[in-house]
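Comments concern the structure below.
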Amino acid sequence: MTDMIGAWLGRCKDPATEPFEGMEEAGLFAPADSYLAIARTKAALVERTGLLGIGGAWGGRQLVGRFFIDGFGTAEQRNQWRGRAASVAISEPKVGAHPKHLRTRAEPCNDGFRITGEKAWVSNAPSAEVIIVLAITAVQSDRKQYSAFLVPRGTPGMTVNDMPGLHMLRPSRHATVVLNGCIVPNGAVLGEPGSAYPRMALPFRDVEDAVGVFGVLGAFRFFLPLLAHGEASPDATLSLGGLAALAAVGAAAAEAAVAALDAGPPPRESAVLVGLRVLMAEMLQRARTHVAQFGLSEAQRIDTILADVEATLSIARGPRLARQSGLGEVLWTRSTET
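Numbered continuously in my numbering, the sequence shown closes out at residue 450.
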């Protein structure tokens, strides 16, 4: 892994603007053999560069391939798309990823489907060769049923537009994807028709959460040594030691959580994934307090990556807070029953 990252950095002129340059030649585009391998490499990329966006861009490509194509693809679909750049399109403008509010539809036509709708915040879409699109294929008792479709780049009716103004998490790129009557064959359906939301969208969020923690850990491994550049004092040393200790706890818990993914999906009520997010938020606050209190020569550089950590932790914040509240509600319920 270290050798591959070094080989990539030797070929990439500017990781902050063109992160994928040289990755294929360095072997980084080969499908990883486990979620843990993806997570560790993601952390290493961030630790070497100080850019959370690089870990997100590389890790997102790997995760989509392993979860969606390896996990749900037919032999023919895997032969065609495994190892190639893929992204997944679930969220839509103004409504996010909530299944009640999504509108993109796929209607049967001849020997395939016609897909119409608009997706937003599609990570890696500008460089993707295929986009996995979740679309409504049926409605039963006012409940929408979703299927996933492999829509190749260049399909007539597909338009991919960069989303401007994303100043954080560079150099990761996101896009809107407009599907104006895109026609795909029946063989483009990925997985069991009508089951994409519960079997793909919801579990994938947990996979993203577990592996995503490693990006934040990589950021801490990058800037914790920079915190030691300030003036040494007992209070600063104590604060720095506390951050190092929390990072070690987070790494141990994250390793266990991601290793479990390779044995099967985590339970939806997994408190460990919630706890890791809470711990990362606590570490972020402690790091900001340390910088403010002790003053550092590298303060601007640290502030930039701390802003990226904050942006990462804010993604899909509502659903994650709901799960955290759910853990608290269980305790309230138990206390009233005893």
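Glycine residues also receive a C-beta, built at the ideal position from the N, C-alpha and C atoms.
Query - Bounding residues of the alpha helix (DSSP H) (the contiguous stretch that carries residue 255) - result: On the sequence shown, residue 255 is found 143 positions in, with the first residue counted as 1. It is not in any alpha helix (DSSP H) - residue 255 instead sits in the beta strand (DSSP E) that spans 255-264.
Query - Residues sharing a beta bridge with residue 270, DSSP - result: For the purposes of this step, residue 270 is taken as residue 158 along the sequence shown, with counting starting at 1. Note: residue 270 sits in a beta bridge opposite 291.
Requested in this report: Using beta-carbon positions only, say whether residue 416 and residue 283 come within less than 7 angstroms of one another.
Outcome: Here residue 416 refers to the residue found at position 304 when the sequence shown is read from its first residue. Here residue 283 refers to the residue found at position 171 when the sequence shown is read from its first residue. No, they are not a contact pair.
Query - One or two residues paired with residue 230 in a DSSP bridge - result: As a first step, residue 230 is located in the sequence shown; it is residue number 118 there, counting from the start. Answer by DSSP bridge pairing, in chain order: 290.
Query raised in the report: Are the CB atoms of residue 230 and residue 290 nearer to each other than 7 angstroms?
Result: For this step, residue 230 is matched to residue 118 along the sequence shown. For this step, residue 290 is matched to residue 178 along the sequence shown. Yes, the Cβ-Cβ distance between residue 230 and residue 290 is below 7 angstroms.
Report task. Grab me the residues of residue 223's own chain with a C-beta within less than 7 angstroms of its C-beta, minus the 5 sequence neighbours each way, in chain order. Result -> Counting from one through the sequence shown, the residue named residue 223 turns up at place 111. Around residue 223: 297 and 298.
Report task. Could you name the residues of the same chain whose beta carbon sits closer than 6 angstroms to that of residue 333, not counting the 5 residues immediately before and after it, in chain order? Result -> Against the sequence shown, residue 333 aligns to sequence position 221. Answer for residue 333: 159, listed in chain order.
Report task. Assuming residue 123 contacts residue 147 (C-beta within less than 8 angstroms), just tell me the rounded distance between them. Result -> Locating residue 123 in the sequence shown gives position 11, counting from the first residue. Locating residue 147 in the sequence shown gives position 35, counting from the first residue. 26 angstroms between Cβ atoms; not a contact.
Report task. Give me the Cα-Cα distance between residue 353 and residue 421, rounded to the nearest whole angstrom. Result -> Taking the sequence shown and counting its residues from 1, the one referred to as residue 353 is at position 241. Taking the sequence shown and counting its residues from 1, the one referred to as residue 421 is at position 309. The alpha-carbon atoms of residue 353 and residue 421 are separated by roughly 20 angstroms.
Query raised in the report: Alpha carbon to alpha carbon, how far is residue 340 from residue 412?
Result: Here residue 340 refers to the residue found at position 228 when the sequence shown is read from its first residue. Here residue 412 refers to the residue found at position 300 when the sequence shown is read from its first residue. Roughly 15 angstroms separates the two Cα atoms.
Query raised in the report: Between which two residues does the beta strand (DSSP E) carrying residue 360 extend?
Result: By 1-based counting over the sequence shown, the position of residue 360 is 248. Per DSSP, residue 360 belongs to no beta strand (DSSP E); it is in the alpha helix (DSSP H), 346-373.
Query raised in the report: Looking at residue 322 and residue 370, is the spacing between their C-beta atoms short of 7 angstroms?
Result: On the sequence shown, residue 370 is found 258 positions in, with the first residue counted as 1. On the sequence shown, residue 322 is found 210 positions in, with the first residue counted as 1. Closer than 7 angstroms, so yes.
Report task. Kindly provide the ranges of any beta strand (DSSP E) runs that are 3 or more residues long and lie completely inside the stretch 173-225, ordered along the chain. Result -> 198-201 and 217-221
Query raised in the report: By the 10 Å Cβ neighbour count, where 16 or more other Cβ atoms means buried, how is residue 170 classified, buried or exposed?
Result: On the sequence shown, residue 170 is found 58 positions in, with the first residue counted as 1. With a 10 Å radius around the Cβ and a threshold of 16 neighbouring Cβ atoms, residue 170 comes out buried.
Requested in this report: Can you tell me which of 213, 237 and 402 puts its alpha carbon nearest to the alpha carbon of residue 200?
Outcome: Your numbering for residue 200 matches position 88 in the sequence shown. Ranking the options by Cα distance to residue 200, first place goes to 237.
**Report entry** residue 388 vs residue 325 beta-carbon contact at 7 angstroms
**Finding:** The residue labelled residue 388 in the question sits at position 276 within the sequence shown. The residue labelled residue 325 in the question sits at position 213 within the sequence shown. For residue 388 and residue 325, yes; Cβs fall inside 7 angstroms.
Report task. Find the nearest neighbour of residue 241 within the set 189, 266 and 121, judged by alpha-carbon distance. Result -> Start at 1 with the first residue of the sequence shown, and residue 241 comes out as number 129. It is 266.
Report task. Locate the beta strand (DSSP E) running through residue 396, then write down its first and last residues. Result -> If you number the sequence shown from 1, residue 396 lands on position 284. Unbroken run through residue 396 is the alpha helix (DSSP H), 383-406; no beta strand (DSSP E).
Report task. Would you tell me roughly how many angstroms separate the C-alpha atoms of residue 436 and residue 350, rounded to the nearest one? Result -> Indexing the sequence shown from 1 puts residue 436 at position 324. Indexing the sequence shown from 1 puts residue 350 at position 238. Distance between the alpha carbons of residue 436 and residue 350 is about 30 angstroms.
Query raised in the report: From which residue to which residue does the alpha helix (DSSP H) around residue 427 run?
Result: Stepping through the sequence shown from its first residue, residue 427 is reached at position 315. In the DSSP assignment, residue 427 falls outside any alpha helix (DSSP H), carrying neither H nor E.
Query - Assigned exposure category for residue 210 - 16 Cβ within 10 Å defines buried - result: Taking the first residue of the sequence shown as 1, we reach residue 210 at position 98. Label assigned to residue 210: exposed.
Report task. Can you grab the Cα-Cα spacing for the pair residue 453 / residue 304, in whole Å? Result -> The requested residue 453 is not part of the displayed model; the chain covers only 113 to 450.
Requested in this report: Would you please state the rounded distance, in angstroms, between the beta carbons of residue 181 and residue 127? I believe it to be under 8 angstroms.
Outcome: Residue numbering aside, residue 181 sits at position 69 when the sequence shown is read from its first letter. Residue numbering aside, residue 127 sits at position 15 when the sequence shown is read from its first letter. Not quite, the Cβ-Cβ distance comes to about 26 angstroms (not below 8 angstroms), so this is no contact.
Report task. Using DSSP bridges, identify the partner residues of residue 247. Result -> Your numbering for residue 247 matches position 135 in the sequence shown. Answer by DSSP bridge pairing, in chain order: 259.
Query raised in the report: With a CB to CB cut of under 6 angstroms and the five nearest residues on each side skipped, what residues in its chain are close to residue 427?
Result: Locating residue 427 in the sequence shown gives position 315, where the first residue counts as 1. Answer for residue 427: no residue qualifies.
**Report entry** C-alpha gap between residue 357 and residue 329, whole angstroms
**Finding:** Counting from one through the sequence shown, the residue named residue 357 turns up at place 245. Counting from one through the sequence shown, the residue named residue 329 turns up at place 217. Straight-line Cα distance between these residues: approximately 12 angstroms.
Query raised in the report: When you compare only the Cα positions, how much space is there between residue 287 and residue 198?
Result: The residue you call residue 287 lines up with position 175 of the sequence shown. The residue you call residue 198 lines up with position 86 of the sequence shown. Their Cα atoms are separated by approximately 13 angstroms.
Query raised in the report: Do the CB positions of residue 327 and residue 294 come within less than 7 angstroms of each other?
Result: Looking up residue 327 in the sequence shown gives position 215. Looking up residue 294 in the sequence shown gives position 182. Taking 7 angstroms as the Cβ cut-off, residue 327 and residue 294 do not qualify as a contacting pair.
Query raised in the report: What whole-angstrom Cβ distance do residue 214 and residue 243 have, given they're in contact under 8 angstroms?
Result: Indexing the sequence shown from 1 puts residue 214 at position 102. Indexing the sequence shown from 1 puts residue 243 at position 131. Not a contact, Cβ separation roughly 15 angstroms.
Query raised in the report: In the DSSP assignment, what are the bridge partners of residue 143?
Result: Position 31 of the sequence shown, counted from the start, is the residue given in the question as residue 143. According to DSSP, which records beta bridges pairwise, residue 143 is partnered with nothing at all.
**Report entry** Buried or exposed (CB count within 10 angstroms, at least 16 for buried), residue 385
**Finding:** On the sequence shown, residue 385 is found 273 positions in, with the first residue counted as 1. Burial call: buried.
Query - Counted within 10 angstroms of its Cβ, other Cβ atoms place residue 125 as buried (16 or more) or exposed - result: As a position in the sequence shown, residue 125 is number 13, starting the count at 1. Burial call: exposed.
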